[in-house]
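*Asks:* Okay, here's the structure, questions in a sec.
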Amino acid sequence: MASQSIIPEVTLSSGQEMPVLGLGTATSPPVAPEIAVQAVVQAIELGYRHFDTASLYQTESTLGDAVQEAIRVGLIKSREEVFLTSKLWCSDAHPHLVVPALQTTLRNLKTEYLDLYLIHWPLSMKHGIIEFPPKPEDFLPLDIKSVWAEMEECQRQGLTKSIGVSNFSSFSPLGAAGTPWGHNRVMESEICLRWGYEQGIGVVMKSFNKERLQQNLAIFDWALSDEDCKKIGKIPQRRGTTAKEFIDGNGNGPFKSIDELWDGEI
Numbered sequence: 037m038a039s040q041s042i043i044p045e046v047t048l049s050s051g052q053e054m055p056v057l058g059l060g061t062a063t064s065p066p067v068a069p070e071i072a073v074q075a076v077v078q079a080i081e082l083g084y085r086h087f088d089t090a091s092l093y094q095t096e097s098t099l100g101d102a103v104q105e106a107i108r109v110g111l112i113k114s115r116e117e118v119f120l121t122s123k124l125w126c127s128d129a130h131p132h133l134v135v136p137a138l139q140t141t142l143r144n145l146k147t148e149y150l151d152l153y154l155i156h157w158p159l160s161m162k163h164g165i166i167e168f169p170p171k172p173e174d175f176l177p178l179d180i181k182s183v184w185a186e187m188e189e190c191q192r193q194g195l196t197k198s199i200g201v202s203n204f205s206s207f208s209p210l211g212a213a214g215t216p217w218g219h220n221r222v223m224e225s226e227i228c229l230r231w232g233y234e235q236g237i238g239v240v241m242k243s244f245n246k247e248r249l250q251q252n253l254a255i256f257d258w259a260l261s262d263e264d265c266k267k268i269g270k271i272p273q274r275r276g277t278t279a280k281e282f283i284d285g286n287g288n289g290p291f292k293s294i295d296e297l298w299d300g301e302i
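Residues 37 to 302 (my numbering) make up the sequence shown, in order.
Here is the structure:
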């Protein structure tokens with residue numbers, strides 16, 4: 037029996053509707069493909085419809101297998117019922133490699149199109165480099181205008197419905213562990229997700245635990261109190277990552293300071 041989704045949607049600039057809560061598939065360390073497939077299928081059964089992957093994560097094929105399995109067992113009728121996001125890795129951030137990189141992603145995902153394709157980082161590296169964090173000598177100048185033009189070409193060809201960027205501005209303001217929020221109704225993770233939702237932000241979370249997947253869906257039938265919002269507003273922002281790996285004051289890296297990378301937002 038097909039599952040139903042209760043997740044609200046937001047309209048992108050392309051006019052496409054995107055579920056505001058998505059499931060990320062990046063894992064560190066990597067998990068066995070069958071575990072990831074099971075987690076995504078469970079998520080679809082619970083009502084998730086937005087799934088985030090990337091070439092770097094090496095989970096595109098796994099996600100594609102999971103979507104096909106969900107169709108096979110009748111949880112969804114077709115691929116059109118899910119919203120798939122993937123990302124252009126830095127070593128493919130060269131104008132002549134953008135379209136081929138997306139074509140590879142589509143083969144991995146076993147689909148004819150993406151819903152959203154993002155430039156993963158404002159960086160370019162030597163082709164074939166997948167090491168993260170990269171070495172300073174692997175960086176190359178990023179021709180962002182030409183790369184973006186090829187992203188637009190991907191959209192024109194129907195390979196992706198929407199395009200965008202990832203990690204071009206600071207993120208994960210509540211991403212650090214240790215924030216003492218939560219009470220007997222909701223957990224800390226739900227408060228963080230609800231806060232993002234109330235800011236009008238699409239949120240991607242990651243858990244392969246079915247109970248937590250279910251808990252994270254329980255954010256749409258209540259609201260943060262004024263007191264909660266005031267408390268959250270006073271939390272010192274501690275990012276989930278500052279990307280210090282890309283900073284090199286000796287002139288070898290693409291950015292010379294944290295402020296330069298994040299445009300003063302961190």
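By construction, the Cβ of each residue, glycine as well, lies at the ideal position given by its N, Cα and C atoms. A quick note: this is a predicted structure, and the numbers were derived from the prediction, not measured.
Between G200 and F119, is the Cβ-Cβ spacing less than 9 Å?
*Replies:* Residue numbering aside, residue 200 sits at position 164 when the sequence shown is read from its first letter. Residue numbering aside, residue 119 sits at position 83 when the sequence shown is read from its first letter. No. Outside cutoff.
*Asks:* Does S261 pass the burial test, meaning 16 or more other C-beta atoms within 10 Å, or should it be called exposed?
*Replies:* Against the sequence shown, residue 261 aligns to sequence position 225. Looking at its Cβ environment, which holds fewer than 16 other Cβ atoms inside 10 Å, S261 is exposed.
*Asks:* So within the stretch 143-204, which uninterrupted alpha helix (DSSP H) runs reach at least 4 residues, ignoring any that extend past its ends?
*Replies:* Runs found: 180-192.
*Asks:* Just how far apart, CA to CA, sit L111 and P136?
*Replies:* What you label residue 111 is simply residue 75 of the sequence shown in a count that begins at 1. What you label residue 136 is simply residue 100 of the sequence shown in a count that begins at 1. About 32 Å.
*Asks:* Decide if T196 is buried, meaning its Cβ has at least 16 other Cβ atoms within 10 Å, or exposed.
*Replies:* Taking the sequence shown and counting its residues from 1, the one referred to as residue 196 is at position 160. Looking at its Cβ environment, which holds 16 or more other Cβ atoms inside 10 Å, T196 is buried.
*Asks:* For T215, which residues in the same chain have their Cβ closer than 7 Å to its Cβ, ignoring the five residues on either side in sequence?
*Replies:* As a first step, residue 215 is located in the sequence shown; it is residue number 179 there, counting from the start. Caution applies to T215, whose pLDDT of 47 falls short of 50 and renders its modelled position unreliable; the value that the coordinates give is listed next. Same-chain partners within the cutoff: E224, I271.
*Asks:* Please report the distance separating the alpha-carbon of I268 from that of H86.
*Replies:* Taking the sequence shown and counting its residues from 1, one reaches residue 268 at position 232. Taking the sequence shown and counting its residues from 1, one reaches residue 86 at position 50. Straight-line Cα distance between these residues: approximately 26 Å.
*Asks:* I294: which of G100, L178, S205, L82 sits nearest, CA to CA?
*Replies:* Here residue 294 refers to the residue found at position 258 when the sequence shown is read from its first residue. Per the Cα distances, S205.
*Asks:* When the Cα atoms are used, what is the spatial distance from L142 to Y149?
*Replies:* Numbered from 1 along the sequence shown, position 106 holds the residue referred to as residue 142. Numbered from 1 along the sequence shown, position 113 holds the residue referred to as residue 149. Spanning the two alpha carbons is a distance of roughly 6 Å.
*Asks:* What first and last residue would you give for the beta strand (DSSP E) that runs through K123?
*Replies:* Numbered from its first residue, the sequence shown carries residue 123 at position 87. Residues 119-124.
*Asks:* Between the Cα of A129 and the Cα atoms of V67, I42, L154, N245, which residue gives the shortest distance?
*Replies:* Position 93 of the sequence shown, counted from the first residue, corresponds to residue 129. If we check each option's Cα against that of A129, L154 comes out closest.
*Asks:* Kindly indicate which residue of Q52, S64, E173, Y93 has the alpha-carbon position closest to the one of E117.
*Replies:* Stepping through the sequence shown from its first residue, residue 117 is reached at position 81. It is Q52 whose Cα lies nearest to the Cα of E117.
*Asks:* Are at least three pairs of beta-carbons, each pair with one atom in the stretch 243-251 and one in the stretch 70-84, less than 8 Å apart?
*Replies:* With the cut-off at 8 Å, the stretch 243-251 and the stretch 70-84 touch.
*Asks:* Could you have a look at V111 and say whether DSSP puts it in helix, strand or coil?
*Replies:* Indexing the sequence shown from 1 puts residue 111 at position 75. Per the sequence shown, residue 111 should be read as Leu rather than Val. Three-state result, L111: coil.
*Asks:* CB-CB under 7 Å to Q74, same chain, minus the five flanking residues each way: which ones, in chain order?
*Replies:* What you label residue 74 is simply residue 38 of the sequence shown in a count that begins at 1. So the list is empty, once near-sequence residues are dropped.
*Asks:* According to DSSP, which residues form a beta bridge with P55?
*Replies:* On the sequence shown, position 19 is the one that residue 55 refers to. The partner list for P55 (beta bridge, DSSP) reads E45.
*Asks:* Flag this pair as touching only if the stretch 158-165 and the stretch 174-184 have three or more C-beta atom pairs under 8 Å; answer yes or no.
*Replies:* Flag = yes, the stretch 158-165 and the stretch 174-184 touch.
*Asks:* Under 9 Å between the Cβ atoms of L82 and T121?
*Replies:* In the sequence shown, counting from the first residue as 1, residue 82 sits at position 46. In the sequence shown, counting from the first residue as 1, residue 121 sits at position 85. In this structure, T121 does not lie closer than 9 Å to L82 by Cβ.
*Asks:* Here's a check: name, in chain order, each residue in its chain whose Cβ is nearer than 7 Å to the Cβ of N220, leaving out the five neighbours to either side.
*Replies:* Here residue 220 refers to the residue found at position 184 when the sequence shown is read from its first residue. The predicted position of N220 is uncertain, since its pLDDT is 44 and thus under 50; no value can be drawn from it.
*Asks:* Which word fits A259, buried or exposed, when buried means at least 16 other C-beta atoms lie within 10 angstroms of its C-beta?
*Replies:* The sequence position of residue 259 within the sequence shown is 223, counting from 1. Burial call: exposed.
*Asks:* Just the C-alpha distance for I237 and T47, rounded to the nearest angstrom, thanks.
*Replies:* Counting from 1 along the sequence shown, the entry for residue 237 is found at position 201. Counting from 1 along the sequence shown, the entry for residue 47 is found at position 11. Each residue's alpha carbon lies about 11 Å from the other.
*Asks:* Near P55, what residues of its chain come up, given a Cβ to Cβ distance below 6 Å and the 5 sequence neighbours on each side ignored?
*Replies:* Within the sequence shown, numbered from 1, the residue matching residue 55 stands at position 19. Taken in chain order, the residues that qualify are I43, E45, R85, H86, F119.
*Asks:* Determine the DSSP secondary structure at G236, reduced to helix, strand or coil.
*Replies:* To locate residue 236, count along the sequence shown from 1; it is residue 200. It is coil, neither helix nor strand.
*Asks:* Using three-state DSSP, classify F244 as helix, strand or coil.
*Replies:* In the sequence shown, residue 244 corresponds to position 208, counting from 1. Three-state DSSP puts F244 in coil, outside helix and strand.
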